[in-house]
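S.K.: Under my numbering, read the first sequence as residues 1020 to 1393, first letter to last.
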Amino acid sequence: MSHFFKTRVTSPCLTGETKEPSPCLMSHGGDKRTVPVSYIKKWSKSEAEGDRGTGYLSRVTGGRGTCQLEAREPSPCYFLGVMMLELGGKKITFTNLGKKLWPGENISKYDLIKYYLRVSPYMLPHLRERFLVLQRFPEGILEKGFFQKNCPPGAPRWLRTVPFRHRGGKVIRYLVAAGPETLAWAGNQAALEIHAWLSGINFLDKPDHAVFDLDPPEGVPFSRVCEVALALKGLLEKKGLRCFVKTSGARGLQVYLPLLPIYDYSTVRKFVQRCFEEINGQMPAITTLERKVSGRGDKIYLDYLQNAQGKTIVALYSPRPLPGAPVSAPLEWEELHFAALDPSSFHIGSIPARLLEKGDLFAAVLSDKQAVIL
DNA sequence: AGTAATG
DNA sequence: CATTACTAGTAGGTG
DNA sequence: CACCTA
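The following block contains the structure:
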């Protein structure tokens, strides 16, 4: 029953600079923008759905800045049962591809997997060598989901996991992203949201970026959140530091300060706290450091406590299990000056084109690691 | 979604 | 065999 | 300590 067909396809490229077909994973030094897809695969329907025919093809095409995984037969893959792919030599079985995970938007699991594959060249560099936490919604966003830290039993053996003993003594086998196949598998697991640690596996107690989490209550205009983020940028610039901003995927913003992995979490946390105290001093009417929800009023909560080991932040380019399938999207600082900027305009359907246009606006987060003068 | 436990 | 349970728990601030 | 939040 399990037939894996292997076919050579030119390596597609999301940025336009096409390279030689590379069957390998992007982790191998070469062009990080090359999607390691060399596959045409066949899928077959599950028996339970009756004999509606088999042999529909999925196809990956590339070149000229596109990467498409497309279905040959009735366009949205409503009834498709099972599909087998081989990605970078790793075999994955996809199930229930037609299941609507965002029913209101008619977004299926197939669409989610396609999204993960398309953004993988941009998303993976930010996830690689990092512990991941999945938030899964096998029945879609209208039903209850659950977190998953431990790599689940039955997961393919090629998934990379690293055990970590938390202070309470509990050991978690964290999933670590390796290549696009990791994301494709997560997609099939209905992982609608992916979180990542702030420190990489080589320096688990030394975060390589600080996170300034701006968390507005419902009803605060997004432009006000932008205003606070811009003030924070000004403050950090005054210290000679360069920082980057992304949407949370919901209503908030998260400012990343890339760091050399030389400070422990408490040092970073205190630094973020001090910056936030200064911001709060500048704009006390619209921001708060109050931890208790009931004491925040309509103010934007400045959360520095996410800078701690074992805490996670929604990953760059991760979708959110919210109506509209929004995505945590990086922004250009100039965009924050537009009153009409709407974070819900960044979603699964719009991000791939934006990546083609803008590239990875967070690329410098990976390279511009800074030292903080304390 | 997939496995394990329970009835 | 059918159904149900399970899947995160920690970190750190506050009172 | 228990409790709250993310």
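Here a beta-carbon is modelled for each residue, glycine too, at the ideal position from N, C-alpha and C.
Roughly how many angstroms lie between the CA atoms of Pro1140 and Gly1271, to the nearest whole one?
M.R.: One C-alpha to the other measures close to 25 Å.
S.K.: Helix, strand or coil for Arg1186? Go by DSSP, reduced to three states.
M.R.: DSSP places Arg1186 in coil when its eight states are reduced to three.
S.K.: Have a look at the DSSP bridge pairing and note the partners of Gly1219.
M.R.: The partner list for Gly1219 (beta bridge, DSSP) reads Arg1149.
S.K.: With distance defined between alpha-carbon atoms, name the residue in Ile1319, Ala1304 and Met1302 nearest to Arg1310.
M.R.: For the residues Ile1319, Ala1304 and Met1302, the minimum Cα distance to Arg1310 belongs to Ile1319.
S.K.: Would DSSP call Gln1301 helix, strand or coil?
M.R.: It is helical.
S.K.: Do the CB positions of Ala1215 and Leu1146 come within less than 7 Å of each other?
M.R.: Taking 7 Å as the Cβ cut-off, Ala1215 and Leu1146 qualify as a contacting pair.
S.K.: Less than 7 Å separating the beta-carbons of Pro1280 and Phe1222?
M.R.: Contact: yes.
S.K.: Could you tell me the boundaries of the alpha helix (DSSP H) in which Leu1374 lies?
M.R.: Ile1370 to Lys1377 is the span of the alpha helix (DSSP H), which, as asked, contains Leu1374.
S.K.: Taking 7 Å as the threshold (C-beta atoms), are Ile1213 and Ala1344 in contact?
M.R.: No, these two residues do not count as a Cβ contact at 7 Å.
S.K.: Compare the beta carbon distance of Pro1338 and Ile1367 with 7 Å and say whether it is the shorter of the two.
M.R.: Their beta carbons are under 7 Å apart, which means Pro1338 touches Ile1367 by this criterion.
S.K.: Is Gln1208 near Arg1155, with beta carbons less than 7 Å apart?
M.R.: Yes, the Cβ-Cβ distance between Gln1208 and Arg1155 is below 7 Å.
S.K.: Tell me the rounded alpha-carbon separation between Arg1179 and Gln1325.
M.R.: Arg1179 and Gln1325: Cα-Cα distance of roughly 25 Å.
S.K.: Among Met1142, Ala1197, Phe1183 and Ile1132, which has the Cα closest to the Cα of Gly1107?
M.R.: Among Met1142, Ala1197, Phe1183 and Ile1132, the Cα nearest to that of Gly1107 belongs to Ala1197.
S.K.: Where are the alpha helix (DSSP H) runs, 4 residues long or more, that stay fully inside the region 1226-1310, in chain order?
M.R.: With a minimum length of 4 residues, the continuous alpha helix (DSSP H) runs that stay inside the region 1226-1310 are 1241-1257 and 1284-1301.
S.K.: Going by the beta-carbon positions, is the gap between Val1264 and Val1274 smaller than 7 Å?
M.R.: Contact flag set, yes.
S.K.: Could you tell me the distance, in whole angstroms, from the CA atom of Ile1191 to the CA atom of Pro1182?
M.R.: When rounded, the distance between both Cα atoms is 5 Å.
S.K.: By the DSSP assignment, the beta strand (DSSP E) with Leu1161 in it spans what residues?
M.R.: Per DSSP, Leu1161 belongs to no beta strand (DSSP E) and is neither H nor E.
S.K.: Quick check: is any heavy atom of the ligand MN less than 6 Å from the C-beta of Pro1340?
M.R.: The model depicted lacks the ligand MN and carries no ligand whatsoever.
S.K.: By the DSSP assignment, the beta strand (DSSP E) with Trp1121 in it spans what residues?
M.R.: First-last of the beta strand (DSSP E) with Trp1121: Lys1119 to Trp1121.
S.K.: How should Arg1184 be labelled, buried or exposed, when 16 other C-beta atoms within 10 angstroms of its C-beta is the threshold for buried?
M.R.: Looking at its Cβ environment, which holds fewer than 16 other Cβ atoms inside 10 Å, Arg1184 is exposed.
S.K.: Report back the beta-carbon spacing between Tyr1282 and Ala1327 to the nearest angstrom; my notes put them in contact at under 8 Å.
M.R.: That pair is no contact at about 13 Å.
S.K.: Classify Leu1143: buried if its beta carbon has 16 or more other beta carbons within 10 angstroms, exposed otherwise.
M.R.: Leu1143 should be labelled buried.
S.K.: Let me make sure I understand the geometry here. Which of Asn1169, Glu1200 and Trp1121 has the alpha-carbon closest to that of Met1103?
M.R.: Minimum Cα distance to Met1103 is reached at Glu1200.
S.K.: Considering only their Cβ atoms, is the gap separating Ile1111 from Ala1203 smaller than 7 Å?
M.R.: Yes; because the gap between Cβ atoms is below 7 Å, this pair is in contact.
S.K.: How would you write the range of the alpha helix (DSSP H) that Leu1321 sits in, first residue to last?
M.R.: Segment Ile1319 to Asp1322 is the beta strand (DSSP E) holding Leu1321; no alpha helix (DSSP H) there.
S.K.: To the nearest angstrom, report how far apart Pro1340 and Trp1121 are at their CA atoms.
M.R.: Distance between the alpha carbons of Pro1340 and Trp1121 is about 8 Å.
S.K.: Does the distance from the C-beta atom of Val1247 to that of Thr1306 stay below 7 Å?
M.R.: The answer is yes: Cβ separation under 7 Å.
S.K.: Between which two residues does the beta strand (DSSP E) carrying Val1333 extend?
M.R.: Thr1331 to Val1333 is the extent of the beta strand (DSSP E) around Val1333.
S.K.: Going by the CB atoms, is the gap between Pro1342 and Thr1266 shorter than 7 Å?
M.R.: Not in contact: Thr1266 and Pro1342 (Cβ atoms no closer than 7 Å).
S.K.: Taking the continuous alpha helix (DSSP H) assigned at Asn1207, which residues delimit it?
M.R.: Looking at the DSSP string, the run of the alpha helix (DSSP H) that includes Asn1207 is Pro1199 to Asn1207.
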